[in-house]
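Single-structure report; data block below.
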Amino acid sequence: MYSGKLCSKEPVKTKEQLQALLKDTRGKTYYKEMQNLEVDTDLLWKTIQTTLNSRIKTWLEICSRCGICAESCFLYLANDKDPTQIPSYKIQSTLGEIIKRKGDVDNAFMQTAMETTWGKCTCCNRCAMYCPNGIDTGVMFSYLRGLLYQQGFVPLEMKIGAGMHRIYYAQMDITDEDFIDTFEWIVEEYEKDYQGLKVPVDVKNADIMYTVNAREVKYYPEDLAYAAILFNLAQENWTVTSKGWEETSLAMFAGDWEACKIQVKHVYEAMERLKPKRMIGTECGHAHRATVIEGPYWMGRKDGKPPVESIHYVEWVAEALRTGKLKINPEKRIKTPVTIQDSCNYVRNGGLKDITREIISYIVEPGYFVEMEPCGENNFCCGGGGGFNGIGIYRNHRNKGLTVKRDQIIKTGAKLVLAPCHNCWDAIRDLEEEFKIGIKWSFLKPLLIDMVEIPESMKPAS
Amino acid sequence: MFKTILLAASADHACDNAAKSAFRLADLTNAHITVFHVLGMPAHGFSQEVIDVKTGEKVEASEEYISWVKEEIKIYYAKQFEKTKSFDIKIAVGMPYREILREIKNGRYDIVTLGGTSKEKISVYKKHMLGSTVLRVAKASPIPVMVLCRPSSSFLKNISSILFCADFSKESDAAFNFAANLAKFFNCNLDIFNVADISPVFSKNIIEQDEIDSQISAAYKKIEEKYIPHTKNIIKTVANVCEGIPYVEIVKYAREKNSSLIVIAHHNKENENFGSNMEQIIVRSASPVISINK
Chain E
355 MYSGKLCSKE
365 PVKTKEQLQA
375 LLKDTRGKTY
385 YKEMQNLEVD
395 TDLLWKTIQT
405 TLNSRIKTWL
415 EICSRCGICA
425 ESCFLYLAND
435 KDPTQIPSYK
445 IQSTLGEIIK
455 RKGDVDNAFM
465 QTAMETTWGK
475 CTCCNRCAMY
485 CPNGIDTGVM
495 FSYLRGLLYQ
505 QGFVPLEMKI
515 GAGMHRIYYA
525 QMDITDEDFI
535 DTFEWIVEEY
545 EKDYQGLKVP
555 VDVKNADIMY
565 TVNAREVKYY
575 PEDLAYAAIL
585 FNLAQENWTV
595 TSKGWEETSL
605 AMFAGDWEAC
615 KIQVKHVYEA
625 MERLKPKRMI
635 GTECGHAHRA
645 TVIEGPYWMG
655 RKDGKPPVES
665 IHYVEWVAEA
675 LRTGKLKINP
685 EKRIKTPVTI
695 QDSCNYVRNG
705 GLKDITREII
715 SYIVEPGYFV
725 EMEPCGENNF
735 CCGGGGGFNG
745 IGIYRNHRNK
755 GLTVKRDQII
765 KTGAKLVLAP
775 CHNCWDAIRD
785 LEEEFKIGIK
795 WSFLKPLLID
805 MVEIPESMKP
815 AS
Chain S
3 MFKTILLAAS
13 ADHACDNAAK
23 SAFRLADLTN
33 AHITVFHVLG
43 MPAHGFSQEV
53 IDVKTGEKVE
63 ASEEYISWVK
73 EEIKIYYAKQ
83 FEKTKSFDIK
93 IAVGMPYREI
103 LREIKNGRYD
113 IVTLGGTSKE
123 KISVYKKHML
133 GSTVLRVAKA
143 SPIPVMVLCR
153 PSSSFLKNIS
163 SILFCADFSK
173 ESDAAFNFAA
183 NLAKFFNCNL
193 DIFNVADISP
203 VFSKNIIEQD
213 EIDSQISAAY
223 KKIEEKYIPH
233 TKNIIKTVAN
243 VCEGIPYVEI
253 VKYAREKNSS
263 LIVIAHHNKE
273 NENFGSNMEQ
283 IIVRSASPVI
293 SINK
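Line order of the protein sequences matches chains E and S.
Counting from 355, one number per residue, gives the positions in the first sequence under my numbering.
Counting from 3, one number per residue, gives the positions in the second sequence under my numbering.
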């Protein structure tokens, strides 16, 4: 059976393989090799027989193709109501067809399925809210991603991302030493601004174990400093872990089920080793989904929960503001029209809509917050979820998809978009770059840093 | 004094003054020079597409492109490289200020040199503001940061005098040690200068002359006690204090004394925005300004 040097059914297992993939500009060789990739139909059918659960089987069978899901999908709306963008069509013509054919599909079919899976669905799960039968196409596409990954039909960046988790236990090539080193030196830069600022590492039995997104370490280390500052201002007993610090999972986006488990196991081991009271993850939606919502099932945990109580960063912020651990200077509240992008992964799928609005009530001057339409659980995906942001070959698909979010934002009249999620933040940044609608966008941390009151004990020495 | 100099530059006219001063310093101290260019932030995931900070274009940060950029830098600074003892060129991807700081931390540099702003076409207003890269690097750099926005005449000839701007803070003490060492190394004069800040006058807060005089006397005394004892091996040390708006007086003094270099402390808590004295000295001075923060 054909196996390319870069594109194959084998997952990335070495740094050299990773480097080779990273050097393949625009995946020229990778996608060329994909043309010759053979489908192991026996393996495909066998995998389906052993992993297809009754829920998905039922969903595929009971879908009446009524089309109610159509208008729930932002990609259907963004693509002039193209019928091939209707969620039920997308899943029936891919996963449904593979099952109907008992896995007997060819290369061309798998490449089309790959495009549909990563280029026409972000697994935002919005369609499930509108289906009269409660069919969740996003969940089915997540499953299909696994089947395609196993056969080697996966976009280059997803293959790399999953490989990173297998090698570095992080979505980027950041070692444990890099993480601690970066966290410590970035905090050192702020030591003079905030007396007593520190990063506790590997403290056992702390109240909080903080986990991050490797992008922060690589490109936005200020975010780490801001987290440290806010925990210190709130006088939290917190720690970071030197191993298992990465909360995200590109393996989940890639459909690399084995790597999903490898990654989350690593984080859970850190929880078990340090025994914190709670784990708090950074402002990232999919990280929360991977580690807190889906991770326990990947690990076969019977209670469906991580080893310690795990919450999203917005939950901690709301709590800190509610309890007065963090106090906002009312004069510094946001006084510009502002809206919020609801992360699919922790609002629609995690129920934290009210928590984010509670934060807004503290940090935005009354009268300046404008909801998107629709909002909360019904909000549309930012346009870049599920790995969509990072996939080069589907960049045009993604940019087209961004128009729905663009129009939602324009309608609010907001000049600032709160985006407490890495994917949303990136998508909105790209949206501005692409369409130049004159907005700013921000995580919560930098805004909070500018408006929280600093206790005398932490003020810089004069 | 300097074994390795980091020149963070975009190989364009905006960085010319800074680059000239860096190469001159390398020449004077027989130092190795590393030209460091940051391409910009990558697009998402593992895309190699970046917005080149120099051209503003979306480019593939492939090996081929990076080699091309290195080649361009080599051509741009060809004349300077000819005279330099040794050099290398490094390219990074990311936020420029962050990657410069990362490079400073990971490398063994003695000083970093930057231009004022990477934008060639800037408004009049912007000309009086430093780029955010310089401000952020100056705030956090553990090594001295040399910035030059305007063409320098004095520095490019001989190092005849160092102007140290004293404010008597802890950071200022560190800046003094550096300035004194420079003066000893270059065997030149050291000017210690302090300004009694009367800028409140412009917000209609009248300051009594007696108060100004007493500030001046106190400053002279501090210079005498704190700094003069450590100037024994310097050819000539002169202390001067006057009243005024600090950045204006410092720039004027540097011009009058034909100072080759200005050394000043950067305070972390200092306002990073338009108006800080250090920023104003940098944008107005015709001498390179070295900022010391710890």
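All C-beta atoms, glycine included, are put in the ideal place defined by N, C-alpha and C.
Quick caveat, the model's predicted, so the values are computed rather than measured.
- Determine, using beta carbons only, whether S:K224 comes closer than 8 Å to chain E. no
- Is the number of C-beta pairs between the stretch 437 to 456 of chain E and the stretch 468 to 478 of chain E that are closer than 8 Å three or more? yes
- Query: DSSP three-state call for E:Y564: helix, strand or coil?
  - Reply: Note: E:Y564 maps to strand in three-state DSSP.
- Within its chain, find whatever has a CB closer than 7 Å to the CB of E:K572; leave out the 5 residues flanking it on each side and keep chain order. Hits under 7 Å: M526, I528.
- Query: With which residues is E:V718 paired in a DSSP beta bridge?
  - Reply: E:I688
- In whole angstroms, what separates the C-alpha of E:D577 from that of S:G42? 18 Å
- E:K435, DSSP secondary structure in three states: coil
- Message: Suppose contacts are defined by Cβ-Cβ distances below 8 Å. Is E:I764 in contact with E:V771 by that definition?
- Response: No. Outside cutoff.
- Would you please verify whether the beta carbon of S:A182 is less than 8 Å from any beta carbon of chain E? no
- Query: Closest by CA to S:E74, which one among S:T86, S:K92, S:K87, S:K60?
  - Reply: S:K92
- Query: Is the stretch 5 to 18 of chain S touching the stretch 28 to 43 of chain S in the sense that three or more CB pairs, one from each, lie closer than 8 Å?
  - Reply: Contact between the stretch 28 to 43 of chain S and the stretch 5 to 18 of chain S is established, with three or more Cβ pairs separated by less than 8 Å.
- Item | Burial state of E:R480, where buried means 16 or more other Cβ atoms lie within 10 Å | buried
- Message: In whole angstroms, give me the CA-to-CA distance for E:G741 and E:D761.
- Response: 22 Å
- Task: Quick one: list the residues of chain E neighbouring S:A177, beta-carbon separation under 8 Å, in chain order.
- Result: In chain order: nothing, as chain E lies at least about 15 Å away.
- Who are E:G635's beta bridge partners in DSSP? E:T565, E:H666
- Task: Give the interface partners of S:G96 over in chain E, defined as CB-CB distance under 9 Å, in chain order.
- Result: K572, Y573
- Where does S:H39 fall in DSSP's three states? strand
- Task: Would you kindly work out how many angstroms separate the C-alpha atoms of E:M633 and E:E663, rounded to a whole number?
- Result: 6 Å
- Query: Do the CB positions of E:Y700 and E:H642 come within less than 8 Å of each other?
  - Reply: Yes, the pair counts as a contact, with Cβ atoms nearer than the cut-off.
- Partners in chain A for E:W539, counting only beta-carbon separations shorter than 8 Å: Included in the structure are the protein chains E and S, with no chain A among them.
- How is the alpha helix (DSSP H) around E:M464 delimited, first residue to last? 461 to 473
- Item | Sequence-distant residues of the same chain with beta carbon closer than 7 Å to E:T448, five excluded per side | A467, T470, T471, L498
- Message: Counting beta carbon pairs with one atom in the stretch 693 to 710 of chain E and one in the stretch 723 to 742 of chain E, are three or more of them shorter than 8 Å?
- Response: yes
- Mind reading off the beta-carbon distance from E:F537 to E:V553? Whole number of angstroms is fine, and I expect it under 8 Å. Right, the Cβ-Cβ distance comes to about 5 Å (below 8 Å), so this counts as a contact.
- Message: Does chain S have any CB closer than 8 Å to the CB of E:E543?
- Response: yes
- Continuous beta strand (DSSP E) stretch holding S:K60: start and end: 60 to 62
- At least one CB of chain E closer than 8 Å to the CB of S:R100: is that the case? yes
- Message: Along the stretch 132 to 143 of chain S, where does the CB come closer than 8 Å to a CB of chain E? Name the residues.
- Response: K141, A142
- Message: By the three-class DSSP mapping on this structure, what secondary structure does S:V126 have?
- Response: Summary for S:V126: the model assigns pLDDT 43, below 50, so the residue's position carries little reliability, and this model does not support an answer.
- Message: Among the candidates S:F4, S:K60, S:V285, S:I7, whose CA atom is the shortest distance from the CA of S:P153?
- Response: S:V285
- For the alpha helix (DSSP H) holding E:L772, just list the boundary residues, first then last. Per DSSP, E:L772 belongs to no alpha helix (DSSP H); it is in the beta strand (DSSP E), 770 to 772.
- For chain E, find out if any of its Cβ atoms is closer than 8 Å to the Cβ of S:M43; answer yes or no. Yes, contact with chain E.
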